[in-house]
Amino acid sequence: MNRRMVLYTVGTVIKIEAALMLLPTICALIYKESCVKALLISIALSLAAGFALTLISRPGNKVIYAREGFITVALAWIALSAFGALPFYISGEIPSYIDAFFETVSGFTTTGASILGNVEAMSRGLLFWRSFTHWIGGMGVLVFIMAIIPSLSDRSIHLLRAEVPGPIVGKLVPRIKQTTRILYIIYMALTAIMFFLLLAGGMPVFDSIVHSIGTAGTGGFGIKADSVGSYSPYIQWVITIFMLIFGVNFNIYYLIILKKFKPAFKSAELWFYLGVVAASTVTIAVNVAPMFGNLSETVRHSAFQVATVISTTGFSTVDFNQWPALSKTVLFLLMFTGGCAGSTAGGFKLTRVFILLKNIKRELKKLLHPRSVNALKYEGKRLDENTVGSVGTYLSIYAFFLCGILLLLSFEPFDFETNVTATVACFNNIGPGFGAVGPAASFAEYSPFGKILLSFAMLFGRLEIYPLFIAFSPSTWIKK
8 MNRRMVLYTV
18 GTVIKIEAAL
28 MLLPTICALI
38 YKESCVKALL
48 ISIALSLAAG
58 FALTLISRPG
68 NKVIYAREGF
78 ITVALAWIAL
88 SAFGALPFYI
98 SGEIPSYIDA
108 FFETVSGFTT
118 TGASILGNVE
128 AMSRGLLFWR
138 SFTHWIGGMG
148 VLVFIMAIIP
158 SLSDRSIHLL
168 RAEVPGPIVG
178 KLVPRIKQTT
188 RILYIIYMAL
198 TAIMFFLLLA
208 GGMPVFDSIV
218 HSIGTAGTGG
228 FGIKADSVGS
238 YSPYIQWVIT
248 IFMLIFGVNF
258 NIYYLIILKK
268 FKPAFKSAEL
278 WFYLGVVAAS
288 TVTIAVNVAP
298 MFGNLSETVR
308 HSAFQVATVI
318 STTGFSTVDF
328 NQWPALSKTV
338 LFLLMFTGGC
348 AGSTAGGFKL
358 TRVFILLKNI
368 KRELKKLLHP
378 RSVNALKYEG
388 KRLDENTVGS
398 VGTYLSIYAF
408 FLCGILLLLS
418 FEPFDFETNV
428 TATVACFNNI
438 GPGFGAVGPA
448 ASFAEYSPFG
458 KILLSFAMLF
468 GRLEIYPLFI
478 AFSPSTWIKK
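The numbering used here numbers the first residue of the sequence shown as 8 and each following residue consecutively.
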């Protein structure tokens, strides 16, 4: 294994994180806040650690294979969270380092689960850093590095496959660096469009920035106690639409840019996604109609909560913890599906659900017609059996990890609904759950053990298990 390249890349990630901390530092300077000192100390510590790692591990061979890709991604995300927590802890705005680590992991994994009881008391510089972690983690920090660093080998597709969620990861264009740059151009363009639309609706500049980057990463850290409930219906609709937009496979947008409208809008995954959103919104709207004054309000709140859960963003306009059982059940099921593969959304992914449903249909046909040959097709292309098998395998591992995390979390003094939805919400990078961790509450009451467990649940969910599982496996590090 190319250990030097692994450590060198992790060191590079820490240095880039230090550079990115300059943005919240500038924000804090603009608002003349005392957290500037904490940010500067954090930058200095991150730079020192980053330079130390890159200097002692400068590689002669820069080739990255699959194993190195998984390990690099796992260690980079842990380091990113560990150093990203420093500004919160050093400033004293989050006095416990474990709490700061939980909040930062939640940010980078775009989960949006929070331990903060009074978010409005936090300085704007750290509120910006908190939401900016969503934007960094949404597309993937290793994807960002591949886009800007020319020295990495084009075998870096292994980093892309380890970091980008979904069952099928490929290149948009022949070279991986071009692919990553295209992804980030689309990502930045959509973020900018949303920012200007929010600004046009009367939202303040700072609020527009943090909500744009939070929505782009499908993270959902709010800066008000009621999330986005106090903003105008126009702003809530803009956020609803963009949560859904960022839950779509970015390949669709690339095809649209190329004016290949026919293959873009023939995407079975896209229509499946929109169909699930429409059906869920109608079901919930009918169920919660008596709770709201008119049809437009009912549809707006229903659509917003469906969008925030299926895209795994985590914003809220109302406390859906108070909704009827049917609506809560629909939202709970959407926590599992997530958005499309190749999007910034978390969850199991609708792509996998779609493939599983097609495979079930094929198996039922085989029972009726044993001699028939039915090849599975996805987006007009034949799926190889390895891909179909890997989806089934991932479902098994996914269920095993969910059950394991829930079992360990059951030692916490909370009811079953709270622990189940806390597990599902963190592992699927949703954010709020039901019960004591609903949208009007926080994760602050969990013990340090529970917060560390849920922090790693968020990391396992964001990286889809394999990178961390391989990194923590003793056989990975034993020389043979």
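Note that beta-carbon positions come from the ideal geometry of N, C-alpha and C, so glycine has one too.
Check the Cα spacing between Pro439 and each of Val80, Met465, Glu419: the tightest is with Met465. The beta carbon of Thr430 sits closer than 6 Å to those of Ile412, Leu413, Leu416, all from its chain and outside the five residues before and after it, given in chain order. Secondary structure within the segment 93–144: the alpha helix (DSSP H) runs of 4 or more consecutive residues, fully enclosed, are 93–98, 104–115 (chain order). Counting of Cβ neighbours within 10 angstroms places Trp136 among the buried residues, the total reaching 16 or more. Taking a 10 Å sphere around the C-beta of Tyr72, we find fewer than 16 other C-beta atoms and assign the residue as exposed. Residue environment analysis places His141 among the buried positions, since at least 16 neighbouring C-beta atoms fall within 10 angstroms of its C-beta. Residue pairing by DSSP places Tyr385 opposite Lys388 in a beta bridge. Membership of Ala275 in the alpha helix (DSSP H) is indicated by the continuous run 275–295. For the segment 427–455, not one full-length beta strand (DSSP E) segment reaches 3 residues or more. For Ser49, the three-state secondary structure derived from DSSP is helix. For Val235, no alpha helix (DSSP H) run applies, since DSSP gives it neither H nor E. Between Thr117 and Gly226, the C-beta spacing is below 8 Å.
By the Cβ rule, the segment 199–215 does not count as touching the segment 277–297, because fewer than three pairs are nearer than 8 Å. The residues Phe355, Ile472, in chain order, have a CB closer than 8 Å to that of Tyr405 in the same chain once the five nearest residues on each side in sequence are set aside. Put simply, the segment 242–254 touches the segment 311–318. At least three CB pairs are less than 8 Å apart. Three or more Cβ pairs drawn from the segment 205–224 and the segment 237–246 lie within less than 8 Å of each other, which places the two stretches in contact.
With 16 or more neighbouring CB atoms inside 10 Å of its own CB, Cys34 falls in the buried class. Within the segment 191–253, the complete alpha helix (DSSP H) segments at least 4 residues long are 212–223, 240–253, listed from N- to C-terminus. When DSSP states are grouped into helix, strand and coil, His308 belongs to the helix group. With respect to Asn381, Lys372 sits close: the two C-beta atoms are nearer than 8 Å. For Pro270, the enclosing alpha helix (DSSP H) covers residues 268–272. Remark: three or more beta-carbon pairs, one from each stretch, lie closer than 8 Å, so the segment 88–108 and the segment 448–467 are flagged as touching.
The beta carbons of Phe421 and Ala443 sit about 6 Å from each other, so the pair counts as a contact at 8 Å. For Tyr473, the enclosing alpha helix (DSSP H) starts and ends at 473–478.
With fewer than 16 neighbouring CB atoms inside 10 Å of its own CB, Cys410 falls in the exposed class. Leu60 places its beta carbon less than 8 Å from that of Val17. Segment contact: the segment 302–314 against the segment 90–103, fewer than three CB-CB distances shorter than 8 Å; contact not assigned. Annotation: the segment 16–50 contains the following complete segments of the alpha helix (DSSP H) (minimum length 4 residues), in chain order: 29–37.
Shown here, Leu265 sits in coil according to DSSP, grouped into three states, outside any helix or strand. Judged by beta-carbon spacing, Pro94 lies beyond the 8 Å limit of Leu36, meaning their Cβ atoms are not closer than that value.
Ser98 is the residue among Gly67, Arg10, Ala89, Ser98 whose C-alpha sits nearest the C-alpha of Leu46. Just so you know, the alpha carbons of Thr425 and Ala432 end up roughly 10 Å apart. Assignment of Leu470 by DSSP, reduced to helix, strand and coil, places it in the coil class. Taking a C-beta distance under 8 Å as the contact criterion, Cys347 and Glu419 do not qualify as a contact pair.
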